[in-house]
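Numbering (the numbering used here), first residue to last: 129 to 558.
Note that CB positions come from ideal geometry on N, CA and C, so glycine has one too.
Predicted model only: the values in this text are computed from it and were never measured.
This report refers to the structure that appears directly beneath it.
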Ligand code: EPZ
């Protein structure tokens, strides 16, 4: 088993380059299924979720050519519609985008229910409601989402989402791009990756208006043509490094970001006494003084992102005073709290609310990364803690962070990958 080992207490100094956005890439890659001819996609992050979604496309018959480290060319002209293996689909949440894309292109799709981080219930009823509004018949049988359109082509529909859902918004956009007529999504999500998917599809010939607002209109077109597109920088990766600097102290230039996308994070960090200087496509993050307490509530964009909740919690553990953290998106996103307690954090959780009593110091401990962002938060906590934190379950972290060890090492963090023989791991189990 491999673990990350972090020795905390070293202020971070230097430059970090942000990769392409995971949650944009895992929707834009399936969108290539709708396109005739080769799509060249740039600024692809090298993370395991991207490897998996590319694998699903290849299993369907797509040709995927690596142009360089961050660019792939995908040609789905020869794709044949077929069933997808349970084992692959269950490893990743974004496999649900294959349903919208195949339904839009072929008029039917059979895709196993998706996997992804365990954040409490993750229903897909809003995705299904959208497909049904476009004339599809959808059922879930033996763990497989089976969707089909009786006459082979979806027709434009009108759907009001009962809650703001990123996945449902994107999936309906995918299905509607080639539908017959206009689809309207009301109460749509507004995350930067929603706009990125719309920009990708529009650059290939789609007609999508209003992405980034709560009403999105998609006028279906007959076909999409290949082209070249560059994915936006990852808001959450950048935010994670911002919290790492807030926790460990120091000064770091974070490059290849869209500062506007970071405002929800920047605002909170400033309240906490962290200096954030915005430039055109970078931010400088600096902390030299104490961390101030604050309250944080996660919300859909432009609110504070749920995918930054564990990382900001790591910083609040070291703030002067008591902070209240409220999870406004997921039922259960505090599974990491017990791990933080091993490091000396003082946190009480009641339902969706966590009350964090700041402590003077955290101390290194063996901890388990129970999901992607929780794992990232353990690195953030470990960077500020006294002594050594060893983190297992790192496959979760590698799903969404490209070269995290290398990027942090380059700004002076003492972090490394260590190999622990399995018999040693087993002897620790109990
Ligand atoms: C996306 O998940 C992200 N995943 C998540 O990031 C992120 O936490 C989430 O959006 C919110 O921003 C990907 O993009 C692959 P939702 P998604 O549909 O689309 C409820 C990470 O760490 N809901 O916006 O699955 C749902 O239960 C991951 O990168 C329904 O009830 O989230 C939740 O409470 C973790 N029915 C809320 O809506 C539905 O049909 C928002 O979920 C759909 C959602």
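Please list, in chain order, all residues of the same chain as residue 140 whose beta carbon is under 7 angstroms from its beta carbon, the five residues on each side excluded.
372, 373, 376, 378, 380, 539, 540 and 541
Less than 9 angstroms between the beta carbons of residue 543 and residue 511, yes or no?
yes
Stretch pair the region 320 to 339 + the region 256 to 267: three plus CB contacts closer than 8 angstroms:
no
With three or more beta-carbon pairs closer than 8 angstroms as the criterion, would you say the region 230 to 238 touches the region 271 to 286?
yes
Residue 144 vs residue 383 beta-carbon contact at 9 angstroms
yes
Are there three or more Cβ pairs, one per stretch, closer than 8 angstroms when the region 213 to 220 is compared with the region 157 to 175?
no
Are the CB atoms of residue 157 and residue 202 within a distance shorter than 9 angstroms?
yes
So, does the region 419 to 431 touch the region 189 to 197, judging by three or more C-beta pairs under 8 angstroms?
no
Here's a check: name, in chain order, each residue in its chain whose Cβ is nearer than 6 angstroms to the Cβ of residue 135, leaving out the five neighbours to either side.
Residues of the same chain with a CB within less than 6 angstroms of the CB of residue 135, apart from the 5 flanking positions on each side, are 516 and 542 in chain order.
Could you name each continuous alpha helix (DSSP H) segment of 4 residues or more that falls completely within the region 187 to 231, going from the start of the chain to the end?
214 to 217
At which residues does the alpha helix (DSSP H) containing residue 299 begin and terminate?
294 to 304
What did DSSP end up calling residue 565 once you bin it into helix, strand or coil?
Residue 565 lies beyond the stretch modelled for the chain, which goes from 129 to 558, so this question has no answer here.
Spatial neighbours of residue 296 in its chain, beta-carbon cut-off 7 angstroms, leaving aside the 5 residues before and after
Excluding sequence neighbours, residue 296 sits near 254, 255, 258 and 289.
Sorry if obvious, but does the Cβ on residue 241 come closer than 8 angstroms to a heavy atom of the ligand EPZ?
no
Just to confirm, is the Cβ distance from residue 560 to residue 155 under 9 angstroms?
Any answer about residue 560 is impossible in this case: the structure gives the chain only from 129 up to 558.
My assumption, with CB atoms under 8 angstroms, is that residue 356 sits in contact with residue 168. Please give the rounded CB distance.
4 angstroms
Run through the DSSP bridge pairs and tell me what residue 425 is partnered with.
454
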